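Visitor:
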Amino acid sequence: MTVRPIRTFDDPVLRQVSAPVQDFDRELRRLVKSLTATMGAGAGRAGLAAPQLGEPVRVLVYSYDGKSGHLVNPRLELSQRRITADEACLSAPGVWWPLERSYMVTARGRDMFGKPVTVRALGVLARVLQHEVDHLDGVLFSDHLEEAERERFLAAALPG
14 MTVRPIRTFD
24 DPVLRQVSAP
34 VQDFDRELRR
44 LVKSLTATMG
54 AGAGRAGLAA
64 PQLGEPVRVL
74 VYSYDGKSGH
84 LVNPRLELSQ
94 RRITADEACL
104 SAPGVWWPLE
114 RSYMVTARGR
124 DMFGKPVTVR
134 ALGVLARVLQ
144 HEVDHLDGVL
154 FSDHLEEAER
164 ERFLAAALPG
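Going by this note's numbering, the residue at position 10 of the sequence shown is 23; the numbering climbs one at a time, nothing skipped.
1) Would you identify the three-state DSSP class for V85, choosing helix, strand or coil?
2) Using 8 Å as the threshold, is the segment 83-102 in touch with the segment 113-126, meaning 3 or more CB pairs across them?
3) Between the Cα of L171 and those of Q29, F126 and A105, spot the shortest distance and give me the residue it belongs to.
4) Give me, in chain order, the residues of the same chain whose beta-carbon lies closer than 6 Å to that of T49; leave out the 5 immediate sequence neighbours on both sides.
5) Closest to R140 by C-alpha separation, out of L167, D99 and S155, would be which residue?
6) How far does the alpha helix (DSSP H) with A59 in it extend, from its first residue to its last?
7) Look up P25 in the DSSP assignment and say whether it is helix, strand or coil.
8) Is there at least one non-hydrogen atom of the ligand FAD closer than 6 Å to the beta-carbon of L84?
9) Evaluate contact between the segment 139-155 and the segment 75-91, counting only Cβ atoms and requiring at least three cross-stretch pairs below 8 Å.
10) Taking its Cβ as the centre, do 16 or more other Cβ atoms sit within 10 Å of Q35, making it buried, or is it exposed?
11) CA-CA distance, L135 and G60?
12) Only counting the same chain, and skipping five residues up and downstream in sequence, which positions put a Cβ closer than 8 Å to that of V16?
13) Taking the alpha-carbon positions, what's the G127 to F37 distance?
14) Can you grab the Cα-Cα spacing for the pair A62 / D150, in whole Å?
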């Protein structure tokens, strides 16, 4: 399947709220395969959302510590316990920043054939799922930072 270019933080598609998937068809399966191939094409890649490929639909893929898969139309249930750790984004390559997230999540959605899927995740994988669902909502992880931190992050992340 085709490895596609990843959109960067300054691309307006990353600010769009993604549309729910209605049709579990060949086109959706092709998108999941492209997302998976693109995510796997570089070291250290743990998740990727459809908007990062310019497709504003609610689809994400993940792969971390032996757990991998995809979710269509995901919904997250977040734990109360929160933890701060460094986070990065494939749309802002090479920049890591500390961010507080829920330590544990339960993600519910569908697979590319429309079958229900539930993923329970701790730690880094929980962070990845939260990060990718943010992309589906048009939210960049820098949006969670305080204004001064966000300005420093964007200065590091955006070219020029």
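We put the CB at the ideal spot given by N, CA and C, even for glycine.
What you are looking at is a predicted structure, and each value in this text was computed from that prediction instead of being measured.
Guide: Short version:
1) Three-state DSSP puts V85 in a strand.
2) Yes, the segment 83-102 touches the segment 113-126.
3) Minimum Cα distance to L171 is reached at A105.
4) If we look at T49 and ignore the five residues flanking it on each side, its Cβ neighbours are V74.
5) Measuring C-alpha to C-alpha distances from R140 to each of L167, D99 and S155 identifies D99 as the nearest.
6) Taken as a continuous stretch (DSSP letters only), A59 belongs to no alpha helix (DSSP H), as it is neither H nor E.
7) For P25, the secondary structure class from DSSP, reduced to helix, strand or coil, is helix.
8) Absent from the structure shown: the ligand FAD. Ligands present: none.
9) Yes, the segment 139-155 is in contact with the segment 75-91.
10) So Q35 ends up on the exposed side.
11) The straight-line gap from Cα to Cα measures roughly 15 Å.
12) Here V16 has S47, A50, T51 and A54 as same chain residues with Cβ atoms under 8 Å from its own Cβ, once five neighbours each way along the sequence are excluded.
13) C-alpha separation (whole angstroms): 6 Å.
14) Between A62 and D150, the C-alpha separation is close to 10 Å.
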